[in-house]
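Peer 1: Taking the numbering used here, I'd label the letters of the sequence shown as residues 33 to 386. We put the beta carbon where it would ideally sit given N, CA and C, even for glycine.
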Amino acid sequence: MQLQQPSLERSREPNKRHHQEENHKDGDNASQSSFFDCAELVLPWLTPLELANTSLTCKSLHRISKSITTLRSSDASRTFENLPIPFLNSIDTQPYAFFLYTPAQIPSSSASPQRQSWGSSSSSHEPNWVAPFGAEMLRLVGGGGCGCRDYCGDGDGRCPCSRLHGLEDVVSECGPSCGCGSECGNRSTQRGVSVKMKIVRDEKKGWCLCADELIPRGRFVCEYAGELLTTNEARRRHQKYDELALGGRFSSALLVVREHLPSRKACLRLNIDATRIGNVARFINHSCDGGNLSTVLVRSSGALLPHLCFFASNDIKEGEELTFSYGGVRLRSKRSRCFCGSSSCFGWLPSEQT
Ligand SMILES: [Zn+2]
Ligand SMILES: [Zn+2]
Ligand SMILES: [Zn+2]
């Protein structure tokens, strides 16, 4: 393909005749470099399609787009996690999957963000620990936290926050109502990803989340982060995703979790949609044998809603794919084939009518 010089560069030529030759050259370089500075600021905000189209306009933009693509495939988390989580693909030409990143669950709203910068060469890997879309908004006013002075222990029951159990499969941590800080030992699921992982392309399953180091049994792996939906909104999106799936090559990541409250009569339903905005957990596939991850609801003092978290259910080897049993949690009405490959494979992904 013939690459064209952008009109911006060509239109420079006739102006500033009255300047000396040297000055003319300097001015030209300056405007060129500000053009590229500007491109380097703007291009990371583009979708893959927009980026591809932009890269066709001139050699320099092609070069910038290419480096953005490389940076994007080197970290799915857009620097929001402590460690980069790269995409690896030896199957086809797709360099990365495109979605907006949030390290923690966020309330869904009609004003949800449309764009987020990704692949800027200036973004260092300083974990960007400010939740991007207002994750801290879901606070319980007046929720009692702990008054521990310096130390809350590490979930050993020393701090009242870690003793709020009484519910099966629910873990309690310190939270927004507590006096302790983010370094508190009783907040192990609140600091994002702390194990090395990678996202590997598989011929049948698509993208798969894999361990990139040994993960010992019991270790926190990641939260299932995404937009929190009302049940009506979840049903509406579910229908939309089914329609999109008919066109092929679309996979949704909408999870429904039920928490039975102590009274046993009430049941809290969490609808977490990581399809458009989510974290790396959206790449965890189902396994009919239960997989190597267990799901746990984590409540923290003063937070309105629990978080769905994944812990290693056995020692996970480096390179091993991370999986769990969707069981009844995933929202799907159209049945899809299962490619988990386990000896107990049922052949189809679990489905649930909502
Ligand atoms: Zn604490
Ligand atoms: Zn405490
Ligand atoms: Zn506490």
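Should D188 be labelled buried (16 or more other beta-carbon atoms within 10 Å of its own) or exposed?
Peer 2: exposed
Peer 1: Return the chain-ordered list of same chain residues with a C-beta closer than 8 Å to the C-beta of E54, the five sequence neighbours on each side being excluded.
Peer 2: Reliability of the predicted coordinates at E54 is poor, the pLDDT of 42 falling under 50, and the value obtained from them is presented with this limitation in mind. If we look at E54 and ignore the five residues flanking it on each side, it has no Cβ neighbours.
Peer 1: DSSP three-state label for C377, please.
Peer 2: coil
Peer 1: Taking 8 Å as the line, does the beta carbon of P208 fall inside it for any heavy atom of ligand 4?
Peer 2: Because ligand 4 does not appear in the structure shown, any question about it cannot be addressed here, the ligands present being ligand 1, ligand 2 and ligand 3.
Peer 1: Between which two residues does the alpha helix (DSSP H) carrying L83 extend?
Peer 2: P80 to S87
Peer 1: When you compare the stretch 239-251 with the stretch 298-308, are there three or more beta-carbon pairs, one atom per stretch, that lie closer than 8 Å?
Peer 2: no
Peer 1: How about P338: is its Cβ closer than 8 Å to a heavy atom in ligand 3?
Peer 2: P338: no, Cβ never under 8 Å from ligand 3.
Peer 1: In chain order, what residues of the same chain lie with their CB nearer than 7 Å to the CB of G373, ignoring the 5 residues before and after it?
Peer 2: none
Peer 1: Beta carbon of G217: closer than 8 Å to some heavy atom of ligand 1?
Peer 2: yes
Peer 1: Is the separation between the beta-carbon of A257 and that of T102 shorter than 9 Å?
Peer 2: Taking C-beta atoms as the reference points, A257 and T102 fail to come closer than 9 Å.
Peer 1: Measuring CB to CB, does R269 end up less than 9 Å from S283?
Peer 2: no
Peer 1: Compute the Euclidean distance between the alpha carbons of N121 and Y183, then round it to the nearest angstrom.
Peer 2: 44 Å
Peer 1: In the DSSP assignment, the beta strand (DSSP E) including A243 goes from what residue to what residue?
Peer 2: G238 to A243
Peer 1: Are the CB atoms of F356 and F371 nearer to each other than 9 Å?
Peer 2: No, these two residues do not count as a Cβ contact at 9 Å.
Peer 1: Under 9 Å between the Cβ atoms of L76 and S149?
Peer 2: Here the sequence assigns Pro to residue 76, which means Leu is not the residue at that position. When the beta-carbon positions are compared, P76 and S149 come within less than 9 Å of each other.
Peer 1: V162: buried (16+ other C-beta within 10 angstroms of its C-beta) or exposed?
Peer 2: In this prediction, V162 has a pLDDT of 48, which is less than 50 and means its spatial position is unreliable; nothing more can be read from the coordinates.
Peer 1: Who are the Cβ neighbours of G185 in its own chain at under 8 Å, not counting the five residues just before and after it?
Peer 2: C191, S194, G217 and N218
Peer 1: Taking only the alpha-carbon atoms, compute the straight-line gap between G207 and S226 and give it to the nearest angstrom.
Peer 2: Between the alpha carbons of G207 and S226 lies a gap of roughly 19 Å.
Peer 1: Under a Cβ-count criterion, where at least 16 other Cβ atoms within 10 Å of its own Cβ denotes burial, should W400 be classed as buried or exposed?
Peer 2: Not covered by the structure: residue 400. The range shown for the chain is 33 to 386.
Peer 1: For A136, which of helix, strand or coil comes out of DSSP?
Peer 2: coil
Peer 1: For G213, is the beta carbon positioned less than 8 Å from some heavy atom of ligand 3?
Peer 2: Not one heavy atom of ligand 3 lies closer than 8 Å to the C-beta of G213.
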